[in-house]
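To start, the structure itself, in structure tokens.
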Amino acid sequence: MDKAKVAKDVLQLVGGEENIDQVTHCMTRLRFNLHDDNKADKAKLEKTPGVMGVMKNGGQFQVIIGNDVAAVYKELSGAMSGGKRMETSSDRPKKKRNPVSALFDFISGMFTPILPAITGAGMIKGIIAILVAVGWMSDQSSTYIILSAIGDGAFYFLPIILAVSAARKLGSNMYIGAALGAAIMHPTITALLAPGDTVSFAGLPVLAATYSSTVIPIVIAIWIASYVEKAVDRITHASVKLLIVPTVTLLIMVPLTLIAVGPLGSLIGSGLSGGITWLFDNMSVVASILIGGTMSLLIITGMHYALTPIVIGSITALGYDFIIPLMFAANLGQAGAALGVGLRGKNKQLKSLGYSTGLTAAMGITEPAMYGVNMKFKKPFIAALIGGAAGGAFMGIMHVKSYVITGLVGLPSIAAFISPQISTLVYALIGGVIALVVAAVVTYFMGIQEDSEQDAEAEAVTEEITAPAVADTSAVAATLIDHESQQSAVVPAQIMSPLSGEVKPLSEVPDPAFAQEIMGKGVAIEPSEGRVVSPVNGTVFSVSKSGHAIGLVSEEGTEMLIHIGIDTVKLKGKHFTPHAQAGQEVKIGDLLMEFDLEAVRADGYETITPVIVTNIQNYNNLEPAGHATTQVGQPLYKLN
67 MDKAKVAKDV LQLVGGEENI DQVTHCMTRL RFNLHDDNKA DKAKLEKTPG VMGVMKNGGQ
127 FQVIIGNDVA AVYKELSGAM SGGKRMETSS DRPKKKRNPV SALFDFISGM FTPILPAITG
187 AGMIKGIIAI LVAVGWMSDQ SSTYIILSAI GDGAFYFLPI ILAVSAARKL GSNMYIGAAL
247 GAAIMHPTIT ALLAPGDTVS FAGLPVLAAT YSSTVIPIVI AIWIASYVEK AVDRITHASV
307 KLLIVPTVTL LIMVPLTLIA VGPLGSLIGS GLSGGITWLF DNMSVVASIL IGGTMSLLII
367 TGMHYALTPI VIGSITALGY DFIIPLMFAA NLGQAGAALG VGLRGKNKQL KSLGYSTGLT
427 AAMGITEPAM YGVNMKFKKP FIAALIGGAA GGAFMGIMHV KSYVITGLVG LPSIAAFISP
487 QISTLVYALI GGVIALVVAA VVTYFMGIQE DSEQDAEAEA VTEEITAPAV ADTSAVAATL
547 IDHESQQSAV VPAQIMSPLS GEVKPLSEVP DPAFAQEIMG KGVAIEPSEG RVVSPVNGTV
607 FSVSKSGHAI GLVSEEGTEM LIHIGIDTVK LKGKHFTPHA QAGQEVKIGD LLMEFDLEAV
667 RADGYETITP VIVTNIQNYN NLEPAGHATT QVGQPLYKLN
């Protein structure tokens with residue numbers, strides 16, 4: 067890679083030096099604060115050699131470079147006027163966030179952490195429905211009652227779960243939020259607010275409302291509570307904060323929620339559920355075509371997060387939802403378009419890329435197909451929207467509903483469509499097949515692009531997705547050269563876990579660069595303690611200034627990146643204590659980094675940590691150990 071040329075091209079395509087307010091870099095990407103994002107040519111940047119991807123997040127325009135980012139940043143600094151607009155002090159005025167973007171960020175940040183709980187509970191409800199439908203279980207048996215409690219528990223106590231997640235996202239005390247949710251869910255309060263009874267608090271009327279399985283009342287309450295808590299905290303002496311802040315917050319917020327916030331939230335929630343029901347009762351086909359055909363566009367803009375509370379509210383209030391089936395159609399449309407690219411492709415690389423990403427999309431993980439293939443070739447993305455609309459139309463005609471919430475909407479989640487009428491499942495599958503086939507056929511006949519350009523574009527796309535850049539670091543140059551001769555033959559490697567915590571797929575990382583495996587493949591870990599150790603015997607080739615990212619190369623030649631948290635580069639080293647430096651040789655289990663886990667979370671940052679292999683092109687397969695949780699030093703995955 068010609069770093070100077072990459073820096074020059076990036077500088078020109080972000081709108082020139084005069085458009086740059088600030089630029090910093092983390093372990094993998096250049097992070098620009100631009101005066102006008104519209105002056106940056108995102109499309110040309112994505113096709114620039116040396117640039118692996120472009121994304122906008124948190125008010126920053128981010129150009130993904132990979133392991134060469136430090137060298138490109140250095141060239142970029144030299145190309146600017148003495149680096150005068152490079153990284154500035156932390157007290158610089160922050161760019162004002164778009165209120166709509168801030169709202170979607172809040173909704174996604176609140177619901178994403180709780181999805182495993184409600185998805186797991188929802189799938190259990192789906193399994194129960196299957197067992198009852200085929201006659202393997204009686205709905206009067208004690209086994210059915212216990213399993214139903216497991217499936218219903220997360221939904222019944224949803225206000226408490228949401229209170230914790232919303233408080234964490236807002237930077238307030240999660241346990242005060244949980245206490246608020248628990249208070250309004252208390253059996254005594256529930257009985258007191260039974261319809262027909264007159265209730266008052268200090269002379270003020272308390273309206274009858276049901277809070278179990280609701281979303282909006284507790285979210286509004288926690289949002290207001292975050293301001294109350296912070297206001298009380300500001301005026302309270304440090305010596306009595308622990309006593310005064312939670313006491314005053316609860317004394318203000320619980321009555322306020324019961325008197326005003328709860329009834330208002332319940333009214334809004336009922337209105338939304340009723341509106342969706344009316345829409346699908348009276349304009350089912352039109353609504354299904356519009357939502358099925360535009361769902362992928364909503365996902366790209368992040369607006370689909372606004373549908374999450376509506377989906378949850380519909381299922382908890384009505385017992386079913388119309389939107390998840392349309393997500394199913396849209397995802398199968400993306401799968402079909404990618405498969406159509408595979409069918410139409412004229413070289414093995416493109417065929418393999420289309421087929422593999424199409425299969426992944428059918429399983430519910432659409433990002434590789436949508437961003438890596440369909441949007442790259444443009445016409446397949448249009449075909450995917452057409453397929454989603456066609457599948458959605460059938461879903462609307464047959465009034466297909468989802469009865470549980472599922473995290474990944476794809477073939478593995480078909481249990482969500484099972485009800486006492488087994489025909490609902492059949493109609494859902496037919497709708498999905500229609501979306502897939504229509505998208506594939508339209509892609510095949512529309513074509514990918516002009517045949518004269520196809521081979522070059524296919525090669526570029528394949529390289530972007532599967533071949534991250536190799537680090538140009540003198541401390542490990544000799545090590546990489548030693549192993550270069552081995553890259554024609556796979557060198558098996560065992561990677562140990564660098565952290566203790568819960569193991570998650572990369573698709574759950576709230577950052578497309580990792581979720582789409584642009585940087586490489588691996589797994590993510592939600593840490594249970596702030597300690598990172600070496601997962602291999604080898605050499606540290608990079609430790610970011612902010613401490614949030616560590617690069618290593620093993621004795622076998624495996625190049626790795628451990629990225630602690632998401633956007634934690636913005637902490638600028640706060641809460642991080644490095645114990646290793648670039649060029650240092652390490653053994654498995656050697657301490658690399660310590661960080662204050664709770665402090666990072668309290669500052670509002672996700673701590674999920676991708677542990678990826680950046681030269682994955684040198685291996686045939688990455689096989690995770692399959693553990694739900696891990697401890698430092700335990701096997702994490704194998705490479706062969």
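The C-terminal residue of the sequence shown carries number 706 in the working numbering, and the numbering is unbroken.
By construction, the Cβ of each residue, glycine as well, lies at the ideal position given by its N, Cα and C atoms.
Between the stretch 491-507 and the stretch 391-408 there are three or more C-beta pairs closer than 8 Å, enough to call the two in contact.
Rounded to whole angstroms, Val698 and Pro593 show a C-alpha spacing of 10 Å. Annotated as distal: Met146 and Ala481, with beta-carbon spacing of 8 Å or more. Phe267 sits exposed, since fewer than 16 C-beta atoms from the chains shown fall within 10 Å of its C-beta. Pro593: not part of any alpha helix (DSSP H); member of the beta strand (DSSP E) spanning 587-593, first to last residue. Counting only the Cα atoms, Gly498 lies some 14 Å from Ile357. Nearest in C-alpha terms to Asn687, of all of Val135, Leu373, Lys587, Val470, is Lys587. Taken through DSSP and simplified to helix, strand or coil, Pro225 comes out as helix. According to the DSSP secondary-structure assignment, Thr675 is paired through a beta bridge with Ile591. Runs of alpha helix (DSSP H) with 4 or more residues, each lying fully within the stretch 403-447, are found at 414-428, listed in chain order.
Inclusion of Leu111 and Val129 in the CB contact set at 8 Å is warranted, their separation being smaller than that value. DSSP places Asp299 in the uninterrupted alpha helix (DSSP H) bounded by 282-301. Within 10 angstroms of the beta-carbon of Tyr241 lie fewer than 16 other beta-carbons, which makes it exposed.
For the stretch 570-633, the full-length beta strand (DSSP E) segments reaching 3 residues or more read 587-593, 597-599, 604-609, 615-620, 625-629 along the chain. The beta carbon of Ala694 sits closer than 8 Å to those of Glu568, Val569, all from its chain and outside the five residues before and after it, given in chain order. If you draw a straight line from the Cα of Lys653 to the Cα of Ser600, it is about 7 Å long.
Judged by DSSP in its simplified three-state form, Phe460 adopts helix. About 5 Å separates the CB atoms of Ile630 and Thr675; that is less than 8 Å, so the two are in contact. Every unbroken stretch of the alpha helix (DSSP H) spanning 4 or more residues and falling wholly within the stretch 353-399 is given here in chain order: 374-384.
Around the beta carbon of Ala506, a 10 Å sphere encloses 16 or more other beta carbons of the protein chains shown; the residue is thus reported as buried. Judged by beta-carbon spacing, Ile355 lies beyond the 8 Å limit of Gly453, meaning their Cβ atoms are not closer than that value. The three-state reading of DSSP puts Ala694 in coil, since its state is none of H, G, I, E or B. Put simply, the stretch 99-106 does not touch the stretch 648-666. Fewer than three CB pairs are less than 8 Å apart. In the DSSP assignment, Met319 falls within the alpha helix (DSSP H) that extends over 307-322. In the structure shown, the three-state DSSP call for Leu702 is strand.
Straight-line spacing of the CA atoms in Gly186 and Leu197 works out to 17 Å. Ile480 carries a helical assignment under DSSP once its states are collapsed to helix, strand and coil. By DSSP's assignment, Phe267 forms a beta bridge with Leu270. C-alpha of Val508 to C-alpha of Ser422: approximately 19 Å in a straight line. Short of 7 Å from the beta carbon of Lys611, and not among the five residues preceding or following it, lie these beta carbons of its own chain, in chain order: Gly639. In the three-state reduction of the DSSP assignment, Pro644 falls in the strand class.
CA-to-CA, the gap between Pro558 and Val598 works out to about 23 Å. According to the DSSP secondary-structure assignment, Ile86 is paired through a beta bridge with Leu100.
Annotated three-state conformation of Val635 is helix, per DSSP. Distances from the alpha-carbon of Val407 to those of Asn348, Val679, Ser573, Met512 put Met512 closest. Proximity of the stretch 286-293 to the stretch 198-213 falls short of the contact definition, fewer than three beta-carbon pairs being nearer than 8 Å.
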